[in-house]
Structure formats: structure tokens, C-alpha cells
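Asker: Going down the list, the protein sequences come from chains X, R and Z.
Mapping to my numbering: the first sequence position 150 is 150, numbers consecutive.
Mapping to my numbering: the second sequence position 88 is 482, numbers consecutive.
Mapping to my numbering: the third sequence position 72 is 860, numbers consecutive.
We put the CB at the ideal spot given by N, CA and C, even for glycine.
This one's a predicted model, so the numbers in the text were calculated from it and none came from an experiment.
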Amino acid sequence: MRAYFDHCRSTYVDKSVIDEMIPWWTEKYWAPSSFTYTGTTAAEAIENSQMAYAKFFGGKPDEVHFAPSHAVANNIAIQGVLNNVESGTVPHVITTSIEHGTTMDLVKQLEKLGKIKVTYLPVDSNGLVDLDALSESLGKDTVLVTMAAVNYMVGTIQPVKDISKIIRDVNPEVLIHYDLTWALGRLADLALAPYADIITASIERIHGPKGVTALWVKKGVPVKGPIYGSQAYSRIVPGTPDVPSIVGAAKALELMQDGLEQKIEHMKHIRNRLINETMELVPETLLNGPEGDLRSPSNVCLTFRYVEGESVEMYLDMEDITVDTGSACANPFLEANHVILAMYGDYERAHGAIRMTFTWTTTDEEVDKFLEVIPGIVAKLRKISPLAPKVYKE
Amino acid sequence: MRAYFDHCRSTYVDKSVIDEMIPWWTEKYWAPSSFTYTGTTAAEAIENSQMAYAKFFGGKPDEVHFAPSHAVANNIAIQGVLNNVESGTVPHVITTSIEHGTTMDLVKQLEKLGKIKVTYLPVDSNGLVDLDALSESLGKDTVLVTMAAVNYMVGTIQPVKDISKIIRDVNPEVLIHYDLTWALGRLADLALAPYADIITASIERIHGPKGVTALWVKKGVPVKGPIYGSQAYSRIVPGTPDVPSIVGAAKALELMQDGLEQKIEHMKHIRNRLINETMELVPETLLNGPEGDLRSPSNVCLTFRYVEGESVEMYLDMEDITVDTGSACANPFLEANHVILAMYGDYERAHGAIRMTFTWTTTDEEVDKFLEVIPGIVAKLRKISPLAPKVYKE
Amino acid sequence: MSIKYNPKVIEHFKNPHNQGVIENPDAEALVGSPACGDQIAIYLKINNDVIEDIKFESYGCASNIATASIVTDLAKGKTLEEALSIKWTEAVQELGGLPPVKYHCSVLAVDGLRAAIKDYLRKTGRLPEEELSSDLVREELYHVIYPPQGLD
Ligand SMILES: Cc1ncc(COP(=O)(O)O)c(C=O)c1O
Ligand SMILES: Cc1ncc(COP(=O)(O)O)c(C=O)c1O
Ligand code: FES
Ligand code: FES
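See below:
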């Protein structure tokens, strides 16, 4: 059995979620519409899922939409809001310097196209957003603040309620978008609707269907584009809705909420073992990101000094263990992870970073398997590293 | 058992396609990437699907992308090309007056935003595009011609190869986008890559997964946006790819190609029965769209004079029969079907239109079931219609 | 596109040849890749202009380790002149191919070897002490970033 520590990048779909979807693929494969039995059956199924997510976020059912991918949801959230700014002005957007590519590359692209001005908020060595910088950057032309509630790379939990308070105190017209993708199933309270204007959350990371992302847009918040097309089913997400995935999304949420406290406790146990026991076994191991309650229960990010991350990842892979790395060597554009660079300004630390993300079904056996091999792998690589001190060369 | 004649709007997912996807959801749920076993396994799965669609369209594997919805694919195809036109000029786009909302509403929206000028080509009473109008409308500022190869409402098959020849004779730089969604599994030869620059085809209509649309973009054709984000996996469709759906897409194509000739023959048989026997049983029934080989094998569109379509649809629904209608009453924006209006300029004809779309597993029993009830339903509605002549009032 | 390492690359990655340090080497060099930031060190023992022993250290990816392993194999026993003419393409060929995105790793290995040989030539007075200018470094590194258009 493979030990899989990359659940933030892709994870399994729960068998019960699949079972829930099957009749909607094979028997009740109808498009939602009014009045007919088939059409209303499908429409009601969508409504049920809207209700579930509305309740979870603390909003209203008709404020919940379902996008066919996370990238599409974030583009609707961010570009959709900007498309309403009168032309002639270049709106100002605030984000952080540690966003996932889904937001980072989008914002950078819009900036490059001259469509927006952007502030990338600095973070401290815990990955926490600089709140003073936030206050200062909020200007008259600021239209949107967008950030992830939990960082994908180092697991920092941002104090989003405080952040919203600061933003609204300065300028209540600034729209707030939180990406909860990697917060879902990791934080107990995500009823953030009162603190936000738009929320996106990919359902994939809680073992829901792959092609569906919840998109909550507060009533009255204007969203237009960037995807246009038939609005027969939704004003915000054009096209025929994927009913089975939307049904599966509700099932995944229900399963996630069942015993969430214990799930979180279990992940904390896995996290703490991975951090503490690895650091005991492997000298000169650096923890990237915060300790304790500032950190997501399902994220570990370590740098083994003097060794490069892709080599570690590859050796682990050969032992049937999957991790992720911040190494430039493993990046299609040969760039070391920007989150760790933003936090520590230390290239080597980013280049050597190993990220381990997991879920509530990750087992102690998987942890054991990792702990068994990691000291040998790091020792071997340090032995051949020109950066490692003599002590590792014997 | 319900008789379901709305496969163009939504259809079932084949059980073998589901079976093919299950291990990719539950065991091999990995994100594609280089070098590791998990990453390359996922990447190879995507490549296999790229190869299958490349072969089918007549293009190259790395020209094939997978979008998470049909709307997204068409937006990338159309907006993606327009985003490369230098700012300052308003590019000219040619489409037809009978497109599906996915294209129609997109193009109209871009026109309204002042981003493009549009020619909506007229069609004849068969729904065939006016080729003279096409030649005449091709101008120096024309950037793109976009249309569906098979019309969703009346099943007209456009002579796309001839259309491409005309376009390229006039101006070989004009880009050509064909939407093959409702042509897939209905026409024998869809190796259209030599005749096009971009092809989109939703896999849903051939009983593939819901959330995936094939997007073929000829090498060298510049496509940018409108969705931005992490390009680690694809330059054209940002975000983590939905590997199971992409695997399912290849399976669906394989199943569709197996015995396609017989499938088409069977659908023609169903189509001819529905048209001929209904017209025999119900007087004053009009066939919307062409007869014979100009028509898709899996489309029937009829207007029963003097009766409104939604009523017919509702009565049929109560008899466990699903159809679609062109009636304004059934449209969320209370607009009668624009395709029939464009073809016949006859509001009543559009308002009364009943569309029946089917697939290769549609049975004679379903046809029988429809034929059994339709004369009574139409008679009943004509009896109460103020438009119907006396003869129907007895 | 799925990109894999072939079994020979994996074999050299798992069990690299000539790995380690030579105490009191006749020449040595440490070079870095401006592409990804990796580094490689080469140590030489030279007798009569023949490379008697060669060892390497690597702070780099699997392909970096594997190419260093193969390049040091290729250089061992060769004259300095022969060793100087080893091309990164040879190393790639010897390994049975590398993914294109990893060509620069093999360039780095070959560069390390050349830098170490030049260090020897300099030490033995056959090459002038070079003045380090940023232009020179840029030129040196140009073919590391763009291997197919490189000096080979
Ligand atoms: C050409 C065309 N466009 C769009 C659609 C509907 O697609 P969607 O799933 O985006 O609503 C169809 C349906 O068959 C179609 O034939
Ligand atoms: C905030 C955030 N954005 C984006 C992603 C990745 O999403 P995608 O599926 O679009 O690649 C993650 C992954 O967990 C995430 O946490
Ligand atoms: S040494 Fe960094 S990519 Fe090979
Ligand atoms: S008469 Fe009721 S909607 Fe048309």
C-alpha cells in the first residue's frame, strides 16, 4: 500500500459519494427545468445541495452556485467582480504574497494585462498576513481583497474574521473573497458568509466529486463573466449544470461534517507525529510555517537542510510514498516555491521543502512507513551534497 | 419506464464509463506530474485520452485539451482567440442565426460589451447556412467563424467542409471553430482537424462523463484566457485536471465508435418512425428542419398546429415521456425558439415546437409509447385552442 | 505530456558512481545552475594529464545526480583534452535519454567537469587566471539555461 501525503493536490472520491451519484448518471440523468417531473426532480436535487452549502457557509440557498472547476470558480469570483468596475479606471486588488497559483497566476495575469493594480501583502515567518500592511494598502480605488483562508503550502490559518473587520472598518464597499478550498474539513467553523462577499471552495479536497466547486455570492454583489453563455440554469455559471456532481457535493459535505471534531483531532495527531518524530530522527530539519494552532491540522512542510526536494520526493516515490516538494527542479517553470521564499527569503529552504498533506483517513501506518525510510534517504543525499558539513560525509 | 427524448439536453452516463472511472477516483487519484510513479501514471492516462481524441479529430495529441464544461470550452475557443487581437480594433466574428445558447449568448454578450462586431448568417428553410452571405460577410477584420456542425434544435447538418473551403479561399487567416457537441456519435466522419482551427465537443452527449469537453486547438493558433490560473498542467485550461473524467472521455469515445454505422442506422430508423408515423397519426403536423440526409439521425422537431408546446410537453411528462419544446412559455426568458424563428419567421411554429432527441439505445417501445398518446394529447389541446379550426372542436 | 526517467537514469540516481570527495584533489570546481539553483562539485586526481580519479557531489535533482554519475564515468581514465570534449549530449545519450526539461542538469554536470579541468590548467599555468566579470559569467551560463543553443 502506498503512503499518500498529497491530498491537497488531489485526493480520492469517497465510495459513498460515488454511490450517491450513480443513479443520477444512469437513471435520473435529467436537466433541471421548471414544471416537468424530470426537470423539477433535477432542479430539486440542485436546490438541496444549495441549501446544504448555504447552511454551512451561513448564507442563503440562492446565493450558492456550483462551478465546474476551482479555477473557473475563482475566475468568476475575481474577474466577475472586476468586470463591473466602470471602464476607464484601473481597479486595485489586494491579495497576499503566498496564494496558490489558482489565485496568484490569475491576479498576476490580470495585472500584466493592465486590467488591475495589485498589492501582494507580505507575511511574517508564520505565514500570517501583515495586518498593518493590509490597512495601509486599502485605498479608494480598492475593489477586492482575495485570499485563501488556509495556505496550501505551509498550512497557515489566516485570521479571516479579523481581516474582514479591518477591511470593513476602513471601507465597507471593498468586496472580500475567501478561498476555503483547503480549509474545508480542516477547520471547525466555516460559516464565513457574514464576513465575506464571495466564497469559493473546491469540493474535491473533502473527497467529493472532482469537477465541482461551491461558489457563494452574497445577494446584491455584482458578478459578470468572464464565462458567458446560456443562462437558462444560472446567471453566474452558464451551461447545463452537472447534476450528479452537485448531488455528490452535498453528500461529501454531509460525510465531512459527521464527526468533524474527531477528524480534526486525528489529523492533528498525524501532523504532530510527522513533525515531531521526523525532527527527532533527522537532524537539521526545519519546519516551514507555524507550529500548533496556527497551522492546519493536515499540513506538514519540512526542509532537510543541504538536500534538494525533488531527490527526496523521488526516493520516497520509489518507496511507494507520495509527497510534494517546493523544489524548482520539480516545477515546470523551474521556480522554487514562492510561499517559502516570501516567508523566509531563503532559496535553499524553498528548494528543499517537502510538503505532506493528508486527510482524516490517513493512518499511523502511513506515518510509520515514512518515518522508517526518511532518515536513510536524507543521510544518503547529504552524503553526496556539496553543501553538507563534514559530519554527514562519514 | 419513462420514454426519454431529450438526450441533446442531458443524457445518461454509460455504466462501462463509470466502471472505467472508479479506480481513478478511489485508487489512482493522483495529479499528473513528471517523474514520480503517481504523477506519470496520471499524466499517461491524460495522454491516452489526448491520443484517442487526436486520432478521432485528425489532429495531434498535444493539440487536445480537456475543459471542465462545454461552456468553458467554447469560451476558451471564442474569447481565447479574440483576446489576442490587438487592442484598439474591434474584431469581426461570423456565426449563424441558429446557434445554441452556449455560443449565441456568449457572442451576443461580447457584442453588447462592444468587444466584437458580429454577423449572424441567415439560414434557409432547411436550416442550412447561406453560403453567399458567408462569402460576402468575410472581411479584412474578420477574425473568427464559429458554428455548430449539427444544429441542436432541428438537426441540420452543415456542410462544414465546404464552409471551410469558402472561408479559406477568401481569407486563410480567418480562424474556424466548429462545435461538434451534437455531431458526436451522429455523424460517421468527424476528422475535421484539416478543416478547422479549433474544435469543441462535449463528451456528455455520447454517454461520457458530464464534466468534460474535448477542446482541440491547432498548433500555433494563439489562445489566451478568459480563464487564468495555474498553468502547471495546461497552458490553455488552468487548474488541476480532472483525470477520472478525462479517462472516462476516452472510454466513451471508444464505446461510441464501436459499431457506429449500425448505431446511426438505428437512430435513423427511430427518427423516421417518429416523423412519419406521427405525421400520419396527427393531421397538420409540421416538420421543422430538413428531411432525409440533411438531418441528424437523432433529431425530430415537430409543430402540431394550433397548440402551444409547453402544454404538449407537460401532458407527455404526465405520461412518463420527456421531450423538449421551443415554446416561449417553457423558456426562462419567455422567448420562443430562435432557430425556428430564423428558419421560418413564424412565431406560432416556434411556440408550438416539440423537439425529440435520442440516442442509439432508444427503443421502438419508447417510440410506441409516444405514438400511443400523442394523437389524444394534440386533439385535446386543439379542442380548447382558440386558434384551431372548427374541425378539431367536435 | 507525461515525462518519465528511464530505468538507467533511475539506476544511476539510486546508486551513483564516483560519488564523494577526493581529499587533497589536484583540481576542483563547484558550479551552480542558474536555471533551478542546483549545485555540483567535481574533484579530480590527475596524473600525466590523465584523470586518474574523479568524484562528485550534487545538490540537485535525480537527473543531476544521474548525469554526474555518468559524466564522471565517462571522464575517468581520459586525458584532459578528451575529457574537455565530452558533451552534455553524450551524457544524455549514454543515459538513454533525458526529459528535455532536464537537459540543463546534464549541462551542469559537464560544466562542473570542465570547470575542474580548467582549474587544473590554471593551477599548472596553462590557462590565464580569468577575471571574473558578470558578462563572462553570463556567457558561461548562457548555455546552461538554453542548452540546445549552447556551445556544444
Ligand atoms: C452545439 C451545442 N452547443 C451546446 C449544447 C448544450 O451544451 P451545454 O452542456 O453547455 O448546455 C448542445 C447540446 O447538445 C449543442 O449541440
Ligand atoms: C487555496 C487553494 N487554491 C487552489 C488549490 C488547488 O486547486 P485546483 O484544483 O484548482 O488546482 C488549492 C488546493 O488545495 C488550494 O488550497
Ligand atoms: S538539477 Fe535542478 S532540475 Fe536538475
Ligand atoms: S401562457 Fe403561460 S407562459 Fe405562456
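Looking at chain Z, is there any beta carbon in it that lies within less than 8 angstroms of the beta carbon of E457/R?
Answerer: For the purposes of this step, residue 457/R is taken as residue 63 along the second sequence, with counting starting at 1. Answer no: the Cβ-Cβ gap between E457/R and chain Z never drops below 8 angstroms.
Asker: Any beta carbon of chain R sitting closer than 8 angstroms to that of S16/X?
Answerer: In the first sequence, counting from the first residue as 1, residue 16/X sits at position 16. So no, S16/X is outside the interface.
Asker: Note down the Cα distance separating R295/X from V123/X, rounded to an integer number of angstroms.
Answerer: Looking up residue 295/X in the first sequence gives position 295. Looking up residue 123/X in the first sequence gives position 123. So the two alpha carbons sit approximately 14 angstroms from each other.
Asker: Between T213/X and S202/X, what straight-line distance do the alpha-carbon atoms span, to the nearest angstrom?
Answerer: As a first step, residue 213/X must be located in the first sequence, where it is residue number 213. As a first step, residue 202/X must be located in the first sequence, where it is residue number 202. So the alpha carbons of these two residues sit roughly 4 angstroms apart.
Asker: Which residue spans inside the segment 477-530 of chain R form an unbroken beta strand (DSSP E) run of at least 3?
Answerer: DSSP runs (the beta strand (DSSP E)) wholly in the segment 477-530 of chain R: 486-490 and 511-515.
Asker: What span of residues does the beta strand (DSSP E) with C893/Z cover, start to end?
Answerer: Within the third sequence, the letter at position 105 stands for residue 893/Z. Here C893/Z belongs to no beta strand (DSSP E); instead the alpha helix (DSSP H) covers Y891 to K911.
Asker: Ordered along the chain, which non-local residues of its own chain (more than five positions away) have a Cβ less than 6 angstroms from that of L110/X?
Answerer: Counting from one through the first sequence, the residue named residue 110/X turns up at place 110. Excluding positions up to five away in sequence, the list reads I116.
Asker: Is the closest heavy atom of ligand 2 to the C-beta of W453/X under 7 angstroms?
Answerer: Residue 453/X cannot be examined here, being either before or after the span of chain X that is shown, 1 to 394.
Asker: Nearest CA to the CA of A232/X: which residue from N74/X, S33/X and V93/X?
Answerer: On the first sequence, residue 232/X is found 232 positions in, with the first residue counted as 1. Comparing Cα positions, the closest option is S33/X.
Asker: Since Y793/Z meets chain R, which of its residues come closer than 7 angstroms, beta carbon to beta carbon?
Answerer: Your numbering for residue 793/Z matches position 5 in the third sequence. Under the 7 angstroms cutoff, chain R gives F429.
Asker: Is there a C-beta anywhere in chain R that falls below 8 angstroms from the one on W360/X?
Answerer: Within the first sequence, the letter at position 360 stands for residue 360/X. Closer than 8 angstroms: no.
Asker: I want to check one thing, is the minimum distance from the CB of A43/X to the heavy atoms of ligand 1 below 7 angstroms?
Answerer: Indexing the first sequence from 1 puts residue 43/X at position 43. No - ligand 1 has no heavy atom lying nearer than 7 angstroms to the Cβ of A43/X.
Asker: Just to confirm before moving on: does the CB-CB distance between N469/R and G229/X stay below 8 angstroms?
Answerer: Here residue 469/R refers to the residue found at position 75 of the second sequence. Here residue 229/X refers to the residue found at position 229 of the first sequence. Cβ distance < 8 angstroms, so N469/R and G229/X count as in contact.
Asker: Please work out which residues of its chain come closer than 6 angstroms, Cβ to Cβ, to N477/R, disregarding the five sequence neighbours upstream and downstream, and give them in chain order.
Answerer: Mapped onto the second sequence, residue 477/R falls at position 83. If we look at N477/R and ignore the five residues flanking it on each side, its Cβ neighbours are K618 and G619.
Asker: Which residues in the same chain have their Cβ closer than 8 angstroms to the Cβ of Q257/X, if we skip the five residues on either side of it in sequence?
Answerer: For the purposes of this step, residue 257/X is taken as the residue at position 257 of the first sequence. Closer than 8 angstroms at the Cβ level, and outside the excluded window around Q257/X, lie F56.
Asker: So what does DSSP say about I377/X, is it helix, strand or coil?
Answerer: Reading the first sequence from its first residue, position 377 is the one you call residue 377/X. Three-state result, I377/X: helix.
Asker: Could you tell me whether any Cβ in chain R is nearer than 8 angstroms to the Cβ of P916/Z?
Answerer: By one-based count along the third sequence, residue 916/Z stands at place 128. So, not an interface residue.
Asker: Between which two residues does the alpha helix (DSSP H) harbouring G248/X extend?
Answerer: Mapped onto the first sequence, residue 248/X falls at position 248. G248/X -> alpha helix (DSSP H) spans V243 to Q257.
Asker: In whole angstroms, what separates the C-alpha of E421/R from that of M712/R?
Answerer: The count along the second sequence starts at 1 and reaches residue 421/R at position 27. The count along the second sequence starts at 1 and reaches residue 712/R at position 318. The alpha-carbon atoms of E421/R and M712/R are separated by roughly 43 angstroms.
Asker: If we ignore side chains and look at the alpha-carbon of each, how far apart do R699/R and M750/R end up?
Answerer: Position 305 of the second sequence holds residue 699/R. Position 356 of the second sequence holds residue 750/R. Using only the alpha carbons, I get a separation of about 17 angstroms.
Asker: Please report whether the beta-carbon of C8/X lies at a distance below 8 angstroms from any beta-carbon of chain Z.
Answerer: By one-based count along the first sequence, residue 8/X stands at place 8. Chain Z, which has no Cβ nearer than 8 angstroms to the Cβ of C8/X, makes this no.
Asker: Just tell me which of Y392/X, V323/X, N288/X and K251/X has its CA closest to the CA of V49/X.
Answerer: Translated into positions along the first sequence, residue 49/X becomes position 49. Residue identity check: residue 49/X is Ser in the sequence provided, not Val. Residue K251/X is the option with its Cα nearest to S49/X.
Asker: With distances taken from CA atoms, which of V243/X, E280/X and D320/X is nearest T38/X?
Answerer: Translated into the one-based positions of the first sequence, residue 38/X becomes position 38. Taking only the C-alpha atoms, the option nearest T38/X is V243/X.
Asker: According to the neighbour-count rule (16 or more other Cβ atoms, all chains shown, within 10 Å of its Cβ), is I778/R buried or exposed?
Answerer: Sequence index remark: in the second sequence, residue 778/R carries index 384 (1-based). I778/R comes out exposed.
Asker: So E310/X contacts chain Z; which residues on that side make the cut at Cβ distance below 7 angstroms?
Answerer: Taking the first sequence and counting its residues from 1, one reaches residue 310/X at position 310. Simply C849 and A850.
Asker: Using a beta-carbon distance below 8 angstroms, is A437/R in contact with chain Z?
Answerer: The residue you call residue 437/R lines up with position 43 of the second sequence. Answer yes: the Cβ-Cβ gap between A437/R and chain Z drops below 8 angstroms somewhere.
Asker: Could you check which residue in E310/X, T322/X and T359/X has the C-alpha nearest to that of I270/X?
Answerer: By 1-based counting over the first sequence, the position of residue 270/X is 270. Among E310/X, T322/X and T359/X, the Cα nearest to that of I270/X is on T359/X.
Asker: Between the beta-carbon of N794/Z and the beta-carbon of G913/Z, is there less than 8 angstroms?
Answerer: Your numbering for residue 794/Z matches position 6 in the third sequence. Your numbering for residue 913/Z matches position 125 in the third sequence. Not closer than 8 angstroms, so no.
Asker: Looking at C-beta atoms only, is the number of pairs between the segment 479-491 of chain R and the segment 215-222 of chain X that lie closer than 8 angstroms three or more?
Answerer: No, the segment 479-491 of chain R does not touch the segment 215-222 of chain X.
Asker: So, for P936/Z: in the same chain, excluding its five sequence neighbours on each side, which residues have a beta-carbon less than 6 angstroms away from its beta-carbon?
Answerer: To locate residue 936/Z, count along the third sequence from 1; it is residue 148. Only weak support is given to the placement of P936/Z: the predicted model assigns it a pLDDT of 40, under 50, and the value that follows is read from those uncertain coordinates. So no residue of the chain qualifies.
Asker: Distance cutoff 8 angstroms, beta carbons only. Does T489/R sit that close to anything in chain Z?
Answerer: Here residue 489/R refers to the residue found at position 95 of the second sequence. With 8 angstroms as the cut-off, T489/R does not count as an interface residue toward chain Z.
Asker: Residues in its own chain within less than 6 angstroms of L775/R by CB, not counting five upstream and five downstream?
Answerer: By 1-based counting over the second sequence, the position of residue 775/R is 381. Only V701 and S705 meet the Cβ criterion.
Asker: Checking 8 angstroms against the spacing of the C-beta atoms, do A879/Z and A871/Z come in under that value?
Answerer: Here residue 879/Z corresponds to residue number 91 of the third sequence, with the count starting at 1. Here residue 871/Z corresponds to residue number 83 of the third sequence, with the count starting at 1. Going by C-beta atoms, A879/Z is not nearer than 8 angstroms to A871/Z.
Asker: When the cut-off is 8 angstroms and only beta carbons count, does Y423/R lie next to chain X?
Answerer: Taking the second sequence and counting its residues from 1, the one referred to as residue 423/R is at position 29. Yes - at least one Cβ of chain X is within 8 angstroms of the one on Y423/R.
Asker: Can you list the residues of chain Z that T434/R reaches, using a CB-CB cut of under 8 angstroms?
Answerer: In the second sequence, counting from the first residue as 1, residue 434/R sits at position 40. By Cβ distance, chain Z contributes S790, I791 and K792.
Asker: Verify the CB distance criterion: does P888/Z have a CB-CB separation below 8 angstroms to chain R?
Answerer: If you number the third sequence from 1, residue 888/Z lands on position 100. No, P888/Z lies away from the interface with chain R (no Cβ there is under 8 angstroms from its Cβ).
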